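Okay, so here's the structure we're looking at.
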Amino acid sequence: MSLIQDKFASVFSNYDVTTQSRPDGGILLTLRNSEGKQVKRSISYQQLHTADQLTWVISAIRRDLAEQASDLPQISMLQSQNRFALPTYHSA
């Protein structure tokens, strides 16, 4: 398990990384930033032991962290914006 935790700790060096074993052979990965915010991801045994899938998981986590850091507006805020009718075209 320490090899897996070391791998994620090196990839996500700005975070405190902890891993917990799951009964199916996968892990529960927890990343905690300096502000105390946590991100948890469940990673299957197959994802851990297949290079392409592990690369995809790492990329997906990086994307999620970047999205979280950007503080995107809430969906409800976007939905409350003014709506207007789309133009209608008629054939002459």
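At position 86 of the sequence shown the residue is numbered 413 (the numbering used here), and the sequence of numbers has no breaks. Even for Gly, the Cβ is constructed at its ideal location relative to N, Cα and C. This one's a predicted model, so the numbers in the text were calculated from it and none came from an experiment.
Which partner residues does residue i have in the DSSP bridge list?
i: I354; result: S348 and I370
i: L365; result: Before going on, a small fix: residue 365 reads as Gln here, not Leu. Answer is R359.
i: D391; result: For D391, which the question treats as bridged, DSSP gives no partner whatsoever.
Is there a C-beta anywhere in chain B that falls below 8 Å from the one on residue i?
i: S371; result: No chain B appears in this structure, which consists of one protein chain only.
Count the other CB atoms, across all protein chains shown, that sit within 10 Å of the CB of residue i; report buried if there are 16 or more and exposed otherwise.
i: T382; result: exposed
i: Y342; result: buried
i: L355; result: exposed
Thinking residue i and residue j are a contact (beta carbons under 8 Å), I'd like their distance in whole angstroms, please.
i: Q347; j: L358; result: Actually they are not in contact, since the Cβ atoms of Q347 and L358 sit about 13 Å apart, beyond 8 Å.
i: I385; j: V338; result: 6 Å
i: I331; j: L392; result: Not a contact, Cβ separation roughly 19 Å.
Tell me where the alpha helix (DSSP H) around residue i begins and ends.
i: F335; result: S329 to V338
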